[in-house]
Amino acid sequence: MRRSILRLPAISLHRMRPAMSTNPATRNPQPLRPVIQRSGRLSIGAVDGFLDDWIARFASRRAFLRIDGRPVLSLLNVTDFDKLYGTDGFLFLLQYIRRKLISHFGVNPFLIGVFPLIDEYHTRILQRLPVDAVTGYGMLPDWEGPPVQWYGELIPKRVAEWHRLQQRLSIPFLPVVCAGWDATLRGAPVADIRQVRGFPWRPIVAGVTPQLFGRFLDEAIAFNQRWHPAHRVVFLHAYNEWTEASAIEPSERFGSGFLEQIHARSRQLEGAL
Numbered sequence: 004m005r006r007s008i009l010r011l012p013a014i015s016l017h018r019m020r021p022a023m024s025t026n027p028a029t030r031n032p033q034p035l036r037p038v039i040q041r042s043g044r045l046s047i048g049a050v051d052g053f054l055d056d057w058i059a060r061f062a063s064r065r066a067f068l069r070i071d072g073r074p075v076l077s078l079l080n081v082t083d084f085d086k087l088y089g090t091d092g093f094l095f096l097l098q099y100i101r102r103k104l105i106s107h108f109g110v111n112p113f114l115i116g117v118f119p120l121i122d123e124y125h126t127r128i129l130q131r132l133p134v135d136a137v138t139g140y141g142m143l144p145d146w147e148g149p150p151v152q153w154y155g156e157l158i159p160k161r162v163a164e165w166h167r168l169q170q171r172l173s174i175p176f177l178p179v180v181c182a183g184w185d186a187t188l189r190g191a192p193v194a195d196i197r198q199v200r201g202f203p204w205r206p207i208v209a210g211v212t213p214q215l216f217g218r219f220l221d222e223a224i225a226f227n228q229r230w231h232p233a234h235r236v237v238f239l240h241a242y243n244e245w246t247e248a249s250a251i252e253p254s255e256r257f258g259s260g261f262l263e264q265i266h267a268r269s270r271q272l273e274g275a276l
């Protein structure tokens with residue numbers, strides 16, 4: 004299942020295939036309808052259709068994820084939406100989503116912006132978006148680093164990034180714990196990954212174990228406790244993302260080791276994950 008982070012279904016650029024109009028008038032704050040207008044692309048009708056389907060299939064269920072009683076909707080990738088439509092266009096899209104979901108549920112939805120990388124560019128966008136929290140997709144390898152990287156060495160790097168980012172945000176960053184990374188299955192076979200560049204061949208994360216994954220979870224739980232103890236949410240990458248070698252469901256290699264690490268902590272903290 005592509006884009007699975009053990010989170011709710013997200014509004015995704017990969018599903019909705021939006022495109023930004025080159026006419027500056029389409030980004031004028033008044034009114035909403037012209038802001039996102041390309042027929043057959045991201046239109047008001049497309050947004051309505053997505054949200055109606057999301058409500059019927061997922062958000063209306065009793066077990067659906069809620070934070071403070073508010074149904075959670077994640078948007079992937081928020082920085083791409085901002086790039087495509089400009090800040091004004093994306094702000095109107097968020098406003099429209101809130102208005103529609105409030106009219107259906109009677110409560111303000113909890114919007115989570117999903118982004119791919121912690122750096123200066125993404126941080127500046129996140130600082131100005133009116134979402135309720137942010138989290139990441141994957142966020143494990145150093146994308147410009149060596150072809151083979153080690154899981155135990157990456158964990159403290161990612162945790163340090165979480166803290167630096169949270170210091171600059173006024174909303175919660177909900178940590179994401181990644182179970183590994185190796186996307187070479189998506190590419191043609193190569194004799195030596197040092198001779199190829201970029202996704203899907205490199206980087207590869209080696210040295211993954213359920214025990215290290217458990218340590219990663221402990222760091223995420225401690226992070227939430229320090230920064231926003233009322234929001235005890237940890238996103239997991241991913242349940243069955245086999246083509247990225249990042250799957251926590253049972254396998255021949257690890258058995259149920261990842262799930263056991265999760266279970267031990269969720270039981271201890273009464274559902275903190």
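For the sequence shown, the working numbering assigns the number 4 to the initial residue and increments by one for each residue that follows. Backbone N, C-alpha and C fix where the C-beta goes; we use that ideal spot for every residue, glycine too. Please read all numbers here as calculations on a predicted model, not as lab measurements.
#1: Where E247 and P192 are concerned, what is the direct C-alpha to C-alpha distance, given to the nearest angstrom?
#2: Determine the burial state of Y124: buried for a count of at least 16 other Cβ atoms within 10 Å of its Cβ, exposed for fewer.
#3: Suppose contacts are defined by Cβ-Cβ distances below 8 Å. Is A223 in contact with V180 by that definition?
#4: Any idea if A267 is buried or exposed, counting beta-carbon neighbours within 10 angstroms, 16 or more meaning buried?
#5: Using three-state DSSP, classify H240 as helix, strand or coil.
#6: Assuming N80 contacts F113 under a Cβ cut-off of 8 Å, what Cβ separation, rounded to an integer in Å, is found between them?
#7: Excluding five sequence neighbours on each side, which residues of the same chain lie with their C-beta closer than 6 Å to the C-beta of A136?
#8: Using CA coordinates, which residue listed in R60, R65 and I207 is at the minimum distance from G148?
#9: Just curious, the alpha helix (DSSP H) that Q169 is in, first and last residue?
#10: Taking Cβ to Cβ, would you say G217 is nearer than 8 Å to Q264?
#11: Could you check where the beta strand (DSSP E) with P133 kicks off and where it finishes?
#12: Alpha helix (DSSP H) containing A49: first to last residue?
#13: Who are A225's beta bridge partners in DSSP?
#14: I'd like the span of the beta strand (DSSP E) that includes L143, first residue to last.
#15: Which residue's Cα is closest to the Cα of G141: F108, L239, L262 and L104?
#16: If distances are taken between C-alpha atoms only, which option among R256, L120, I70 and W245 comes closest to L168?
#17: Would you tell me roughly how many angstroms separate the C-alpha atoms of R30 and E252, rounded to the nearest one?
#18: Do you know offhand how far A186's Cα is from G109's?
Put simply:
#1: Our two residues, E247 and P192, have alpha carbons roughly 15 Å apart in a direct line.
#2: So Y124 counts as exposed.
#3: A contact, by the Cβ cut-off of 8 Å.
#4: Around the beta carbon of A267, fewer than 16 other beta carbons sit within 10 angstroms, so the residue counts as exposed.
#5: Strand, per DSSP.
#6: Actually they do not touch by this definition, with Cβ atoms about 18 Å apart.
#7: The beta carbon of A136 sits closer than 6 Å to those of I115, I174, P175 and L177, all from its chain and outside the five residues before and after it, given in chain order.
#8: Of R60, R65 and I207, the smallest CA-CA separation from G148 is found for I207.
#9: Here the alpha helix (DSSP H) through Q169 covers Y154 to Q170.
#10: For G217 and Q264, yes; Cβs fall inside 8 Å.
#11: Where P133 is concerned, there is no enclosing beta strand (DSSP E), given that its DSSP letter is neither H nor E.
#12: A49 -> alpha helix (DSSP H) spans I47 to W57.
#13: For A225, which the question treats as bridged, DSSP gives no partner whatsoever.
#14: In the DSSP assignment, L143 falls outside any beta strand (DSSP E), carrying neither H nor E.
#15: Of the candidates F108, L239, L262 and L104, the one whose C-alpha sits nearest the C-alpha of G141 is L239.
#16: Ranking the options by Cα distance to L168, first place goes to L120.
#17: Interpretation of R30 is limited by its pLDDT of 34, a score under 50 that renders its predicted location unreliable; the figure taken from the coordinates is listed afterwards. A straight line joining the alpha-carbon of R30 with that of E252 spans about 44 Å.
#18: Taking the straight line joining both Cα atoms gives about 42 Å.
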